[in-house]
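Structure first, commentary second.
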Amino acid sequence: MDISRMFRACKLGDFETLKTLIETKDVDVNFRDKFDSTPLYYACLCGHLNVVRFLLEHGAKCDIKTFDGERCVYGALTDDIRKLLLKEYKIISKKVIRRNDYDEFLRKSLDDSDYADVIFYVHQKTFKAHRYILMIRSEYFRQKFIGKWKDRNVIHIKNEHVNPDAFKILLHFLYTGILEFSYKIRDDVCRLFRQCQMEKINDMIECRIQELQKQLRSSFRQKNVTIYMDFPILFDYRKLFQTTLPMDLIIDQDENFDINVNELKILQMASDVVFRVQNHLFYCHKLFFAGRSDYFAALFRDHFGESDTKIPTGTTFTINDRADLFRLLICFLYTNDVDITLDQACDLLYASDVYLIESLKRHCATVIGNNIAHFNPIDIIKWSRVLNLSKLEAIATQYIAENLKQFIHHNDFKQLVIEDAHSVRQRQETDTIDIIDDIRYYLSICSTKKDIQSELLQIDLLLESLQLDA
Numbered sequence: 001m002d003i004s005r006m007f008r009a010c011k012l013g014d015f016e017t018l019k020t021l022i023e024t025k026d027v028d029v030n031f032r033d034k035f036d037s038t039p040l041y042y043a044c045l046c047g048h049l050n051v052v053r054f055l056l057e058h059g060a061k062c063d064i065k066t067f068d069g070e071r072c073v074y075g076a077l078t079d080d081i082r083k084l085l086l087k088e089y090k091i092i093s094k095k096v097i098r099r100n101d102y103d104e105f106l107r108k109s110l111d112d113s114d115y116a117d118v119i120f121y122v123h124q125k126t127f128k129a130h131r132y133i134l135m136i137r138s139e140y141f142r143q144k145f146i147g148k149w150k151d152r153n154v155i156h157i158k159n160e161h162v163n164p165d166a167f168k169i170l171l172h173f174l175y176t177g178i179l180e181f182s183y184k185i186r187d188d189v190c191r192l193f194r195q196c197q198m199e200k201i202n203d204m205i206e207c208r209i210q211e212l213q214k215q216l217r218s219s220f221r222q223k224n225v226t227i228y229m230d231f232p233i234l235f236d237y238r239k240l241f242q243t244t245l246p247m248d249l250i251i252d253q254d255e256n257f258d259i260n261v262n263e264l265k266i267l268q269m270a271s272d273v274v275f276r277v278q279n280h281l282f283y284c285h286k287l288f289f290a291g292r293s294d295y296f297a298a299l300f301r302d303h304f305g306e307s308d309t310k311i312p313t314g315t316t317f318t319i320n321d322r323a324d325l326f327r328l329l330i331c332f333l334y335t336n337d338v339d340i341t342l343d344q345a346c347d348l349l350y351a352s353d354v355y356l357i358e359s360l361k362r363h364c365a366t367v368i369g370n371n372i373a374h375f376n377p378i379d380i381i382k383w384s385r386v387l388n389l390s391k392l393e394a395i396a397t398q399y400i401a402e403n404l405k406q407f408i409h410h411n412d413f414k415q416l417v418i419e420d421a422h423s424v425r426q427r428q429e430t431d432t433i434d435i436i437d438d439i440r441y442y443l444s445i446c447s448t449k450k451d452i453q454s455e456l457l458q459i460d461l462l463l464e465s466l467q468l469d470a
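Taken in order, the sequence shown gives residues 1 to 470; the numbers are from the UniProt record's numbering.
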């Protein structure tokens, strides 16, 4: 199974196999074997530096203050691995936290030109942007776009005190919540934030600079210091999501509605695509759909020929789906988070597969996996294979192994064993059966010595009754 292959790859230093498993199979890089060891521990122990770095970059945990962290450091075969764990882990893990597909999407959105609806010219430098993001993130820009800049797609900023580099930093902050700049242009950045009426942010920048000055003391001004700050953004993007909703779906469904009706109408005017779902109109933004879903990216290029006529607020597409489900999908696209019930999890999982939203598919799979006792694990295994969710399949299989007496005589389980046996072409008597191999593996790491013999005997008796051998 994939978990076993991952551990083997870490021990042997098989980088390509490990890369394939993690990037395409979604295996858990922090999974523990029967010795309570992680893939990272084996990679450190066997001296595979490139494997160690790859695991860290993909979320492997190695905090030196924990037992696992100490174990990896002291078990490391080489000084280079030890140095990586001790000196670079915090830097790598900080990047991993921010570098999920949603953060990458926000970062790349600033460079998007396909769906930008406003262009800024700042002293011969050009910046394309999306007015609805600027409006939802900044009161200053919102007032400008409903006032002086209303109906303008090109804006020239001629103020000699506005540094183009500082303006780019401002836009990057508005899109991503990340503020990063060299101390050398500190005055230009602070001046621009004050001009845009972001006094609180400006005060926090000043405090951060003072902290760095105390840490670096006299060498501060001589060094090319980078100021880095990370601010929460999801509240604003949640407000933007709320502007997409039809009024009849807002009432009684969203207790935490964060935007007033007047603001809603203003921001809905900035939408550039409308979806009709069960006679409800959702006023949305192509950037969030095309940037996070290959299905919608192709739809907007009219590969499917599904577009209707144009209306003033943008192109209208009819979606053959449930409105309540589509609402959840939009929430995730805009915020990378959505609260779903167990009843909704499976429906949204299938929808995410149809609309090619891998991150939402993983989110739904996590919800199901964390509540596996509320589902039929045999059905979950079948769905997982169809939807290529190896991690969820492993969770369901482990649950069956831990509750083998409950499932061993279940007709659905017997049918699954038969299907797995028949899936091997020109099967020999001694060939393996996937589900049986996986359950035996989990029994070996979950059961006591006394129990495992009894449970393995039950499996042998089942195979004998089905006239199978594995």
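All C-beta atoms in this analysis are idealised placements derived from N, C-alpha and C, irrespective of residue type, glycine included. Every value quoted in this text rests on a predicted model; they were computed, and no experiment measured them.
- Sorting Leu12, Gly47, Asp68 by C-alpha distance to the C-alpha of Phe35 places Asp68 at the top.
- Judged by DSSP secondary structure, Ile185 falls outside any alpha helix (DSSP H); it is assigned neither H nor E.
- Assigned with DSSP and collapsed to three states, Thr243 falls in coil, not helix or strand.
- Arg276 carries a strand assignment under DSSP once its states are collapsed to helix, strand and coil.
- The C-beta separation of Gly291 from Phe105 comes to about 5 Å, placing the pair in contact by the 8 Å criterion.
- By the C-beta density criterion, Leu348 is buried, having at least 16 other C-beta atoms within 10 angstroms.
- Here Gln398 is buried. Its C-beta has 16 or more other C-beta atoms within 10 Å.
- A check of alpha carbon separations from Phe141 across Asp379, Gln197, Leu462, Asn320 identifies Gln197 as the nearest.
- The alpha-carbon separation between Lys128 and Met135 amounts to approximately 15 Å.
- Taken through DSSP and simplified to helix, strand or coil, Asp63 comes out as coil.
- Taking 8 Å as the upper bound for CB-CB distance, Asp420 and Ile433 are in contact here, some 5 Å apart.
- Sequence-distant partners of Leu249 (beyond 5 residues in either direction) whose C-beta falls short of 7 Å from its own C-beta, in its chain, are His280, Ala323, Arg327.
- The beta carbon of Ile146 lies closer than 7 Å to those of Ile266 in the same chain, with the five residues before and after it left out.
- Straight-line spacing of the CA atoms in Asp103 and Leu461 works out to 51 Å.
- Pairing Ser37 with Ile445, the inter-Cα distance amounts to about 12 Å.
- The region 113-122 makes no contact with the region 71-85; the number of CB pairs closer than 8 Å stays below 3.
- Boundaries for Val367: no beta strand (DSSP E) harbours it, while the alpha helix (DSSP H) harbouring it runs 358-370, taken from the DSSP string.
- With respect to Ser293, Asp101 sits apart: the two C-beta atoms are not nearer than 8 Å.
- Apart from sequence neighbours up to five positions away, the residues of its chain that approach Cys331 with a beta-carbon distance below 7 Å are Phe241, Val338, ordered along the chain.
- Met229 is bridged by DSSP to Leu179.
- Taking the C-beta atoms as reference points, Ile435 is found nearer than 8 Å to Leu416.
- Annotation: the continuous beta strand (DSSP E) that includes Thr126 extends over 125-129.
- Of all C-beta pairs linking the region 166-178 to the region 231-240, three or more are shorter than 8 Å, placing the two stretches in contact.
- Looking at Ala297, Glu139, Tyr132, Gln278, the one whose alpha-carbon comes closest to that of Leu356 is Ala297.
- Collapsing the DSSP output to three states places Val29 in coil.
- Per DSSP, reduced to three states, the secondary structure at Cys44 is helical.
- For His409, the secondary structure class from DSSP, reduced to helix, strand or coil, is coil.
- In chain order, Arg191 place their CB closer than 7 Å to the CB of His161, counting only its own chain and leaving out the 5 sequence neighbours on each side.
- Annotation for Phe141: no beta strand (DSSP E) segment contains it, though the alpha helix (DSSP H) segment containing it runs 139-146.
- Spanning the alpha carbons of Gln195 and Glu139 requires a straight line of approximately 12 Å.
- Here DSSP, grouped into helix, strand and coil, assigns Tyr441 to helix.
- Leaving aside the five residues that flank Ile22 on each side, the residues in its chain whose CB is nearer than 7 Å to its CB run, in chain order, Val29, His58.
- Checking the DSSP bridge columns, you'll see Val118 partnered with Ala129.
- For the 8 Å CB-CB criterion, Ile380 and Ala401 do not form a contact.
- In chain order, Leu21, Val27, Pro39 place their CB closer than 6 Å to the CB of Met6, counting only its own chain and leaving out the 5 sequence neighbours on each side.
- Measuring C-alpha to C-alpha distances from Leu170 to each of Phe193, Lys184, Ile155, Arg186 identifies Phe193 as the nearest.
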